[in-house]
């Protein structure tokens, strides 16, 4: 019983710092993602268009994620956003521990004790040029699960056609588009 309470506390702590949403039921055991994730084509900067909001419902502005190849087949992720409180740019740099291209997923390092092995993220869909949909799910019990999802684009302010296409493929992959919040990307500093 004590382990369960600690786990729930760790999840809630993690949820306050990351955009996640609780859903009834376990994670989908038949998760489908791109079957041939090409990190060479995926690397570069992605701007967050929409995401599941965290519990505070505050969505930070000017979010971007940069996938960088530091050396051959060794990638890092640099995430930036504009702080809602201070108006300054916050940056996180995290190592990708492993890429499984055939399963469309990668293992992201984390310092969070709730995820000692890292966090497994899926690229549900991407055309590498316009949009990408990234997703994570973990079971808290067989009763509910926590989902993290973002729709990202290569351009900070994409066309309506790109957004429509990304949302269509996100919905096909099982995302609840109506639960996602748009990330403000207007008037952003050049270093986000």
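Numbering (mature numbering (1 follows the signal peptide of the UniProt record, and there is no 0)), first residue to last: -19 to -1, 1 to 173.
Virtual Cβ for every residue (Gly too), placed ideally from N, Cα, C.
Please read these numbers as outputs of a predicted model, since none were measured by experiment.
**Study point:** Boundaries of the alpha helix (DSSP H) in which residue 25 is found, first to last residue
**Key:** Counting from 1 along the chain shown, the entry for residue 25 is found at position 44. Unbroken run through residue 25 is the beta strand (DSSP E), 25 to 32; no alpha helix (DSSP H).
Exercise for review: Kindly indicate the opening and closing residues of the beta strand (DSSP E) around residue 145.
Suggested key: Counted from its first residue, the chain shown places residue 145 at position 164. Looking at the DSSP string, residue 145 is not in any beta strand (DSSP E); the run it does join, the alpha helix (DSSP H), is 141 to 153.
Point to revise | Simplified DSSP assignment, three categories, for residue 160 | key: Reading the chain shown from its first residue, position 179 is the one you call residue 160. In this structure, residue 160 counts as helix in the three-state DSSP scheme.
Check your understanding: What residue from 151, 161, 46 has the CA that sits closest to residue 15's CA?
Key -> Position 34 of the chain shown, counted from the start, is the residue given in the question as residue 15. Minimum Cα distance to residue 15 is reached at 151.
**Study point:** residue 168 classed as buried or exposed, judged by whether at least 16 other C-beta atoms fall within 10 angstroms
**Key:** Locating residue 168 in the chain shown gives position 187, counting from the first residue. Looking at its Cβ environment, which holds fewer than 16 other Cβ atoms inside 10 Å, residue 168 is exposed.
Check your understanding: Using DSSP with H/G/I as helix, E/B as strand and the rest coil, what is residue 21?
Key -> Taking the chain shown and counting its residues from 1, one reaches residue 21 at position 40. Looking at residue 21 - three-state DSSP - the assignment turns out to be helix.
Check your understanding: Can you tell me the Cα-Cα spacing of residue 148 and residue 101, whole angstroms?
Key -> Position 167 of the chain shown holds residue 148. Position 120 of the chain shown holds residue 101. Using only the alpha carbons, I get a separation of about 22 Å.
Point to revise | DSSP state of residue 138 mapped onto helix, strand, coil | key: On the chain shown, position 157 is the one that residue 138 refers to. It is coil, neither helix nor strand.
Check your understanding: Just how far apart, CA to CA, sit residue 171 and residue 63?
Key -> Within the chain shown, numbered from 1, the residue matching residue 171 stands at position 190. Within the chain shown, numbered from 1, the residue matching residue 63 stands at position 82. Spanning the two alpha carbons is a distance of roughly 11 Å.
Review point. Roughly how many angstroms separate the alpha carbons of residue 30 and residue 52, rounded to a whole number?
Key: Translated into the one-based positions of the chain shown, residue 30 becomes position 49. Translated into the one-based positions of the chain shown, residue 52 becomes position 71. Residue 30 and residue 52: Cα-Cα distance of roughly 29 Å.
Check your understanding: When the distance is taken between beta carbons, is residue 32 closer than 8 Å to residue 131?
Key -> Taking the first residue of the chain shown as 1, we reach residue 131 at position 150. Taking the first residue of the chain shown as 1, we reach residue 32 at position 51. Yes, they are a contact pair.
Check your understanding: Fully enclosed by the stretch 37 to 122, which beta strand (DSSP E) runs are 3 residues long or longer?
Key -> 42 to 52, 55 to 63, 70 to 81, 86 to 89, 100 to 107, 112 to 120
Practice item. Give the straight-line distance between the Cα atoms of residue -10 and residue 128, rounded to the nearest whole angstrom. Key: Sequence index remark: in the chain shown, residue -10 carries index 10 (1-based). Sequence index remark: in the chain shown, residue 128 carries index 147 (1-based). Caution applies to residue -10, whose pLDDT of 43 falls short of 50 and renders its modelled position unreliable; the value that the coordinates give is listed next. Answer to the nearest angstrom: the Cα atoms are 15 Å apart.
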